[in-house]
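Asks:
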Amino acid sequence: VAELDEPPHEEHEKYEEVNRCLAGVFAQAGWIKGVLNRSVRKDGFIEAIRGDPHRKVWILDLSMVDPDDADLADVGEALPAQLLQFTLSCRRCEQVNDAGLAALAGHLPGSLQ
């Protein structure tokens with residue numbers, strides 16, 4: 002209890018872990034807008050999702066933004082290795098074809114259940 006009165010550590014291994022988790026949360030929240038603005042890569046969302054050490058589930062609905070093959074490739078690149086569940090909705094996504102699906106499928110982690 003006496004430790005509560007001590008100043009916080011300036012650096013700690015958990016700080017970086019928390020930062021990576023928060024970056025993943027913000028990237029997930031901004032992904033749709035990033036697709037609309039064509040800025041997913043520029044905004045660092047791919048690295049943020051992939052770098053989130055605790056991300057086990059990702060549910061992404063792109064059906065309202067009409068993504069293209071490059072957008073699906075970006076999603077594939079972002080999939081973290083430890084992901085257990087991934088749900089993607091692309092209903093009425095007329096710009097997606099076999100190339101986009103193949104790019105996504107090529108990145109599906111073996112950890113998926």
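In this text, residue positions in the sequence shown follow our numbering: the first is 2, and each later residue adds one.
C-beta: ideal position from N, C-alpha, C; glycine also.
What residues in its chain sit with their C-beta under 8 Å from that of residue 120, if we drop five residues either side in the sequence?
Replies: Here the chain comprises residues numbered 2 to 114, so residue 120 is not present and cannot be evaluated.
Asks: By DSSP's criteria, residue 62 is part of a beta bridge. Which residues make up the other side?
Replies: Per DSSP, 90.
Asks: Using three-state DSSP, classify residue 45 as helix, strand or coil.
Replies: Looking at residue 45 - three-state DSSP - the assignment turns out to be coil, as it is neither helix nor strand.
Asks: Using 8 Å as the threshold, is the segment 39-51 in touch with the segment 5-18, meaning 3 or more CB pairs across them?
Replies: The answer is no - the segment 5-18 does not touch the segment 39-51, with fewer than three Cβ pairs under 8 Å.
Asks: Distance, Cα to Cα, residue 62 vs residue 91?
Replies: When rounded, the distance between both Cα atoms is 7 Å.
Asks: Alpha carbon to alpha carbon, how far is residue 3 from residue 79? Give it in angstroms, no decimals.
Replies: So the two alpha carbons sit approximately 43 Å from each other.
Asks: For residue 105, I'd like the list of residues in its chain whose CB is within less than 8 Å of its CB, leaving aside the five on either flank, ordered along the chain.
Replies: Around residue 105: 73, 74, 76, 77 and 89.
Asks: With respect to the alpha helix (DSSP H) encompassing residue 98, which residues constitute its N-terminal and C-terminal limits?
Replies: It is not in any alpha helix (DSSP H) - residue 98 carries neither H nor E in the DSSP assignment.
Asks: Would you please state the rounded distance, in angstroms, between the beta carbons of residue 94 and residue 70? I believe it to be under 8 Å.
Replies: The pair is not a contact, with the Cβ atoms about 10 Å apart (cut-off 8 Å).
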